[in-house]
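For reference, each letter of the sequence shown is one residue, going -20 to -1, 1 to 183 in mature numbering (1 follows the signal peptide of the UniProt record, and there is no 0). From the three backbone atoms N, C-alpha and C, an ideal C-beta is built for every residue, glycine too. For reference, the structure is listed below as structure tokens.
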Amino acid sequence: MKKILLTALCVAGFSFTTDAQNDKGDFTLAPQLGLNLSNYRSNVDLNNDLRVAMVVGVTGDYYFSDRWSFRTGLLYDAKGTDVENNIDKLNYLSIPLQANFHFGDNRNWYVNFGPSLNVLLSAKGELSDGSEIDLKDQVSSLDIGLGYGIGYKFDVSENTELFFQAQSFYGLSRINENNNDFGQDVKLFNISTAISAGLIFDL
């Protein structure tokens, strides 16, 4: 009797995992929250450090097959840098446009890549004395770059999964086109990596 019960539980568990996998035509929605580690890359040495801030938002995946999906969404994405205790706070609305490949025995792993559009919401400079200045006129209103990442998801119910992921951004458009304070030859670009978690809902 115990063997029969154990076998039944294993079969039920396997069936549950299989049913939770996504197929062509499925759509999922994933609210998420995490920490963003951001900095500038430049053609000169700025002696700058990471800014640690928040990323929050929602992404959606439309499945073209059981392995591939198109991923997009809206994310509040806080970027910037810390230069000798003077912090640039650049806050964006980020829109990823990515191909998402799902792999592994149960397709629990995924990697994604593609362009990312970042619309500037605000830009502040926090000085070492605690005061703030507005930098929005000195920062490009649109930041374009490449987004890529990896994640892992596992079932928590029939139509819900918990996921953890790391998503990186490599800026390709100069963010200081309107600012000559660093000199004409200095070019600044955003780079960042966000570590986040959230839930995936099958709709």
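Report the partner residues of residue i according to the DSSP bridge assignment.
| i | result |
| --- | --- |
| LYS4 | DSSP lists no partner for LYS4. |
| GLU112 | GLU106 |
| ASN80 | SER49 and ASN92 |
| SER172 | SER18 and PHE149 |
| ASN98 | SER74 and ASP123 |
Compute the Euclidean distance between the alpha carbons of residue i and residue j, then round it to the nearest angstrom.
| i | j | result |
| --- | --- | --- |
| PHE144 | ILE130 | 9 Å |
| ASP135 | ASP109 | 48 Å |
| ALA146 | ARG31 | 16 Å |
| GLY84 | SER176 | 21 Å |
| residue 184 | ILE171 | Nothing about residue 184 can be read from this structure; the chain reaches only from -20 to 183. |
Taking residue i as the reference, which of the options has the closest Cα?
| i | options | result |
| --- | --- | --- |
| PHE50 | PHE134, LEU77 and LYS59 | LEU77 |
| LEU179 | ASN92, LEU9, ASN2 and PRO95 | LEU9 |
| LYS167 | ASP3, GLN147 and SER22 | SER22 |
| TYR72 | TRP89, ASN66, SER96 and GLU157 | SER96 |
| SER121 | PHE169, ASP41 and MET34 | PHE169 |
So for residue i, helix, strand or coil by DSSP?
| i | result |
| --- | --- |
| ASP135 | strand |
| ASP29 | strand |
| ASP68 | strand |
| ASP123 | strand |
| ASP117 | helix |
| GLU141 | strand |
Cβ of residue i less than 9 Å from any chain B Cβ?
| i | result |
| --- | --- |
| THR140 | In the displayed structure, chain B is absent; only one protein chain is listed. |
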